[in-house]
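Working notes, beginning with the structure itself.
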Amino acid sequence: MRWSTYLTASCLLAFAAAAPSALKKRSKLQFFGVNESGAEFGTGNIPGVYGTDYTWYTLSTYDTFIKDGFNTFRLNLLMERLVPNKMTGPADTHYLGNLTQQVNYITGKGAYAIICPHNYGRYYNNIITSTSDFQAFWKTVATAFKGNSKVIFDTNNEYHDMSGTLVAQLNQAAINGIRAAGATSQYITVEGNAYTGAWTWTTATGTDGKTNAQTMGSLTDSSNKLIYQMHQYLDSDGSGTATTCVNTTIGSTRLVAATNWLRANGKKGLIGEYAGAVNSVCEAAVKDMLAYIDKNSDVWTGALWWSAGPWWGESIMLLTFVQ
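Numbered by mature numbering (1 follows the signal peptide of the UniProt record, and there is no 0), the letters in the sequence shown go through residues -18 to -1, 1 to 305 in order.
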């Protein structure tokens, strides 16, 4: 989601926590989980200090989530910390080590770990334009996890205000780098321009005047394990910054065009971020969207809640568990 406060919520979001159990009984969805956010914090202090500027995620919380039906965790991080100074350089031993610990714990429990650079198509605040450098970055990262089929690679979080053609080229470069590393058994999620919004997939244009629908369909993967990750919030502007949802059916309404595009192009999709506030309208809207995703599981593979993490406090739509 865009970096701004969503709402204050200190209690367990019962409707979100209950959703996996309800879907588990009847759903064909492959992925149902939550974002973990915190390792990408402190963007004003790079590389920053672990425990001061950013944090990793409490391992024991995965056990609770898994017990309650979650099977996928999107681990948000920063490119500059994972591969510092230049994208063609080596990985930072300590940051990679912390990431590896998280990944191994999750996948050792039989769940999926999504590695997601939360960079918006930027590196040290500059739009990434070198496809060869981006490919090198992903080859380095994928090499470390090529033997783990429960890892999923997410090329970048929410490209925006870029050329749509460039975004597609960067995604293809990431795919090529990952497969060149020998990581051939893992899924890859690609993200579009315009914050990869599902509701604007066919309408929002990049700086070159092209939509995601026009540029992203041509991506290829030698392993045929490509998933199109989209994000969808339920407030008026779809940014995830308000405590109100438009109406109780806004979730399904906003997914129709993207669903049609996925089906028409023979693609698979994933809602990589979604959320709703603690009120009756938002609860109904979230349930409506999840039911729609489940009904259209021929093209939708699952959904991931935003967000969880030890440093969020009461400042966003935190998904946590209480005794």
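Note that the Cβ used here is the ideal one computed from N, Cα and C, for glycine as well.
{"Check": "Rounded C-beta distance between Leu59 and Ala126? I'm assuming under 8 angstroms.", "Outcome": "The Cβ separation is near 13 angstroms, so there is no contact."}
{"Check": "Leaving out the 5 sequence neighbours to the left and right, which residues in its chain are closer than 8 angstroms to Ala240 when beta-carbon positions are compared?", "Outcome": "Ala180, Trp181, Trp183, Thr184, Met212 and Gly251"}
{"Check": "Is the beta carbon of Arg56 closer than 8 angstroms to that of Gly254?", "Outcome": "yes"}
{"Check": "Does the separation of the CB atoms of Phe13 and Thr54 fall below 8 angstroms?", "Outcome": "yes"}
{"Check": "Is it right to say Thr246 is buried, meaning 16 or more other beta carbons lie within 10 angstroms of its own, or is it exposed?", "Outcome": "First, the residue type needs correcting, since residue 246 is Ala and not Thr in the sequence shown. By the 10 Å Cβ count, Ala246 comes out exposed."}
{"Check": "Which whole-angstrom value describes the C-beta separation of Ala285 and Tyr256, a residue pair presumed to lie in contact below a C-beta threshold of 8 angstroms?", "Outcome": "6 angstroms"}
{"Check": "So Leu216 and Cys227 are supposed to be a Cβ contact under 8 angstroms. How far apart are they, rounded?", "Outcome": "4 angstroms"}
{"Check": "So, do the stretch 154 to 171 and the stretch 186 to 197 have three or more beta carbon pairs nearer to each other than 8 angstroms?", "Outcome": "no"}
{"Check": "Suppose contacts are defined by Cβ-Cβ distances below 8 angstroms. Is Thr137 in contact with Val85 by that definition?", "Outcome": "no"}
{"Check": "Measuring straight from C-alpha to C-alpha, what distance separates Leu208 and Tyr169?", "Outcome": "6 angstroms"}
{"Check": "Under the three-state reduction of DSSP, which class applies to Arg8: helix, strand or coil?", "Outcome": "Summary for Arg8: the model assigns pLDDT 48, below 50, so the residue's position carries little reliability; its value from the coordinates is reported in the next sentence. In the structure shown, Arg8 sits in coil (DSSP, three-state: anything other than H, G, I, E or B)."}
{"Check": "DSSP on Ser234, reduced to helix/strand/coil?", "Outcome": "helix"}
{"Check": "I believe Tyr87 touches Leu41 by the beta-carbon criterion, under 8 angstroms. Please report the beta-carbon distance rounded to the nearest angstrom.", "Outcome": "5 angstroms"}
{"Check": "Express the C-alpha separation of Thr230 and Ile134 in angstroms, rounding to a whole number.", "Outcome": "32 angstroms"}
{"Check": "Taking Ala195 as the reference, which of Gly90, Ala273 and Trp243 has the closest Cα?", "Outcome": "Trp243"}
{"Check": "Gly144 and Gly90 look like a contact to me (Cβ under 8 angstroms); what is the Cβ gap, rounded to whole Å?", "Outcome": "According to the sequence as given, residue 144 is Met; it is not Gly. With 8 angstroms as the limit, Met144 and Gly90 do not qualify as a contact, their Cβ atoms being about 37 angstroms apart."}
{"Check": "Among Asn130, Lys132, Gly146 and Cys98, whose alpha-carbon lies nearest the alpha-carbon of Ile109?", "Outcome": "Gly146"}
{"Check": "By a C-beta neighbour count over all protein chains shown, 10 Å radius and 16 as the cutoff for buried, is Lys132 buried or exposed?", "Outcome": "buried"}
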